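Residue numbers (this note's numbering): 134 to 803.
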């Protein structure tokens, strides 16, 4: 009894501390304006009203540094300095798309992508790629909002202004960008209260009194505009980066985060949106840091504790708190997967807070005691979010079990790490992980299984189903890829056993089937993206382009590895692999105008094919019937119209024991 009282007391204390941090002491459910999710921490200070009439400038947005001095001039706080300053001291960005991983070779990470960027083979590929693709530079093309980023303009100096300079794009442009966000981003990442944010957006244009802090609200909207620019079909692909960067620069100026004070729910939401945007940029380090800031602020508010959320006065606020916390969990796992770095949030902490309810916001009453129920004839948009979180929970188990750093195995124990997990190790075998993925697919509701419908309102569900399918296939490919890597080298290093033939051993047979599955899944990934790419160049129902580049590049390297073993080609023919390969390159080339990462991926894949695939199956393996009957199939492999064999001069033959290129991501090419 005493322990229960202590627990309740601790929960109340944490809730009180959270309320104080959010400026919510004495808040009640009857006064929504004092809710922790409508108030801002005192540490996020507004610099004063715009003017007595509170007008909002609707002048055309003129890009980086071409507007009048904003709030505080040049921010002096740590987060703004981090966002504005490149990783190095010479004014360069990271030079690698943030979704593709980390650049820093001197700080090698272990785990998912581990030491692959340190191998000599990947260094040679980077050198060859550099000769074919210019180093990525930030574009300064004309933006739809005005001139693009102009780094030549002098930095602002002088005393900070006491008047906030809130500049919005023209209403028509703003409305179009908000529609892109609500249509393509929010259904996949429902990290905000959409009903509240829509209402605040209208108030910005009407001059009505806002329920949120102006500074943080304008910062959030500018991040949304930046994110939408990267996905908007009405913006030419070669102008999206400049347009997005203009908005993000303004958001950075408006983000007045004090590192020494507490955070707020609105700050966490804004940081998560920033991390999403940074995935599409050449700012990998900043993406990593901003995600960490969001997580630490969420933990400081106690959002990782179910007791804290249970103390919130309404189901509406509890639902939002769950969405925010699990948004931190999702971003933590995605970024950790991409960078090959340990996740910040522990597995136990991830699962302690219940998942958000699969009920859409319009069916959650603001008042206490109201019925919360999704209509039986209307699937919930939130179901996608819940299923994605479950999928990435399995992904986390895969990373912890199969991608952790391990000492070099003895030749006779090559498969022990993958097939012989002990229960005391707290890890899961590949069989258990595959079963978890199977059960996950069986749990999907009909509207997330890709069933098309003629109803216009169901377009969002089809979009969700395609994105969820792509995520699932990518995770499944990552499950079997370590086995494929081992299988491609096992012939050379497995000692001969006079009693059991190598090819007849149980581990070898299992590894062969796992490798075949991996190649087939890679083909599925490519086919899914290729078949859902609209002919008019629009985004369609696909994931964001930076995810597609990662998925297709990963799948293409698996296709290359699959050709190294003749046993795989007995079941997956060279003709089929050739078709998938050509589709993969076609997809990546379609993103050339969006990202230099796509160009580098194509160059690297062409080089990999020339130096690895052209050597055929490993030595000591006789050609199979499938190889003999399709010996000319790979001659149809498209290597690109600008493939220059001179680039390969001095390129050492790869060591087939070194499969680092299979575990590589585009960041390894920089």
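The beta-carbon is built from N, C-alpha and C at its ideal position, and this holds for glycine as well. Everything numeric in this text was worked out from a predicted model, so none of it was measured.
Review point. Got a sec, what are the start and stop residues for the alpha helix (DSSP H) residue 537 sits in?
Key: Neither: residue 537 is in no alpha helix (DSSP H) and is coded neither H nor E.
Point to revise | Delimiting residues of the alpha helix (DSSP H) encompassing residue 575 | key: Segment 563-575, the alpha helix (DSSP H) holding residue 575.
Practice item. Would you kindly check if the distance between the Cβ of residue 684 and the Cβ of residue 607 is under 7 Å? Key: Contact annotation: residue 607 and residue 684 have beta-carbon atoms nearer than 7 Å.
Exercise for review: Taking all protein chains shown into account, decide if residue 792 is buried (16 or more other Cβ within 10 angstroms of its Cβ) or exposed.
Suggested key: So residue 792 ends up on the buried side.
Exercise for review: Go through the region 324-359 residue by residue and report every complete run of the alpha helix (DSSP H) that reaches 4 residues or more, in order.
Suggested key: Listed in chain order, the alpha helix (DSSP H) elements of length 4 or more contained wholly in the region 324-359 are 327-339.
Exercise for review: Would you kindly work out how many angstroms separate the C-alpha atoms of residue 309 and residue 361, rounded to a whole number?
Suggested key: Those two C-alpha atoms are separated by around 9 Å.
Review point. Hey, quick one: how far does the alpha helix (DSSP H) through residue 678 stretch, first residue to last?
Key: Segment 678-695, the alpha helix (DSSP H) holding residue 678.
Review point. In terms of alpha-carbon separation, which member of 661, 667, 620 lies closest to residue 647?
Key: Nearest option by C-alpha distance: 620.
Practice item. For residue 486, name the three-state secondary structure that DSSP assigns. Key: Shown here, residue 486 sits in coil according to DSSP, grouped into three states, outside any helix or strand.
Practice item. With distances taken Cα to Cα, identify the nearest neighbour of residue 665 among 529, 692, 691, 603. Key: Per the C-alpha coordinates, the member of 529, 692, 691, 603 positioned closest to residue 665 is 603.
Check your understanding: Which same chain residues, not among the five before or five after residue 717, have their C-beta less than 6 Å away from its C-beta?
Key -> The answer, listed in chain order, is 659, 685, 689.
**Study point:** With 16 other Cβ atoms within 10 Å as the buried cut-off, status of residue 458
**Key:** With 16 or more other CB atoms across the displayed protein chains lying within 10 angstroms of its CB, residue 458 is buried.
**Study point:** For residue 492 and residue 470, believed in contact at Cβ under 8 Å, the rounded distance
**Key:** The Cβ separation is near 29 Å, so there is no contact.
Review point. From residue 670 to residue 569, what does the alpha carbon distance come to, in whole angstroms?
Key: Distance between the alpha carbons of residue 670 and residue 569 is about 36 Å.
Point to revise | residue 594 versus residue 509: straight-line alpha-carbon distance, rounded | key: Computed Cα separation, rounded: 16 Å.
Review point. The alpha helix (DSSP H) spanning residue 477 covers which residue range?
Key: Looking at the DSSP string, residue 477 is not in any alpha helix (DSSP H), and its letter there is neither H nor E.
Review point. Taking just the CA atoms, how far does residue 460 sit from residue 672?
Key: For residue 672 and residue 460, the distance between alpha carbons rounds to 24 Å.
Check your understanding: Can you tell me whether residue 506 is buried or exposed, with buried defined as 16 or more other CB within 10 angstroms of its CB?
Key -> Taking a 10 Å sphere around the C-beta of residue 506, we find fewer than 16 other C-beta atoms and assign the residue as exposed.
Practice item. Compare the Cα-Cα distances from residue 565 to each of 609, 582, 336, 462 and report the closest residue. Key: Here the closest residue by C-alpha is 609.
Review point. How would you label residue 441, buried or exposed, when you count the other beta carbons within 10 angstroms and need 16 or more for buried?
Key: By the neighbour-count criterion, in which a residue is buried when 16 or more other Cβ atoms sit within 10 angstroms of its Cβ, residue 441 is buried.
Point to revise | For residue 620, the three-state DSSP class (helix, strand or coil) | key: In the three-state scheme derived from DSSP, where H, G and I count as helix and E and B as strand, residue 620 is classed as helix.
Exercise for review: Look up residue 435 in the DSSP assignment and say whether it is helix, strand or coil.
Suggested key: Residue state for residue 435 is assigned as coil, using DSSP reduced to three classes.
Practice item. State the DSSP-derived secondary structure class of residue 496, mapped to helix, strand or coil. Key: DSSP places residue 496 in helix when its eight states are reduced to three.
Review point. What residue from 517, 622, 639 has the CA that sits closest to residue 699's CA?
Key: Checking every option, the nearest Cα to that of residue 699 belongs to 622.
Check your understanding: Do the region 346-357 and the region 365-385 touch if we need at least three Cβ pairs shorter than 8 Å?
Key -> Because the criterion of three Cβ pairs below 8 Å is met, the region 346-357 and the region 365-385 touch.
Check your understanding: For residue 667, which residues of its own chain have a beta-carbon under 6 Å away from its beta-carbon, when the five flanking residues on both sides are left out?
Key -> Its chain contains 673 as the residues whose beta carbon lies nearer than 6 Å to that of residue 667, once the 5 sequence neighbours on both sides are disregarded; these appear in chain order.
Point to revise | Closest residue to residue 598 among 409, 675, 729 (Cα-Cα distance) | key: Selected option, being the one with the closest Cα: 675.
Exercise for review: Let me know the secondary structure DSSP gives residue 507 once reduced to three states.
Suggested key: DSSP, reduced to helix, strand and coil, places residue 507 outside both helices and strands of the structure shown, so it counts as coil.
**Study point:** Three-pair Cβ contact test at 8 Å for the region 342-349 versus the region 304-323
**Key:** Touching, no.
Check your understanding: So does residue 404 have its beta carbon nearer than 6 Å to some heavy atom of the ligand SAH?
Key -> The ligand content of the structure shown is nil, which means the ligand SAH is not present either.
**Study point:** Separation of residue 475 from residue 697, as counted between CA atoms
**Key:** Across the structure, residue 697 and residue 475 are spaced so that their CA atoms are roughly 31 Å apart.
Review point. For residue 256, is the classification buried or exposed, using 16 other Cβ atoms within 10 angstroms of its Cβ as the cut-off for buried?
Key: Exposed.
Practice item. Under 7 Å Cβ to Cβ from residue 529, same chain only, skipping five residues before and after it: list those, please. Key: The residues are 466, 476, 480.
Exercise for review: Give me the Cα-Cα distance between residue 744 and residue 368, rounded to the nearest whole angstrom.
Suggested key: It is roughly 39 Å from the alpha-carbon of residue 744 to the alpha-carbon of residue 368.
**Study point:** Segment limits, alpha helix (DSSP H) that includes residue 640
**Key:** Unbroken alpha helix (DSSP H) run through residue 640: 639-664.
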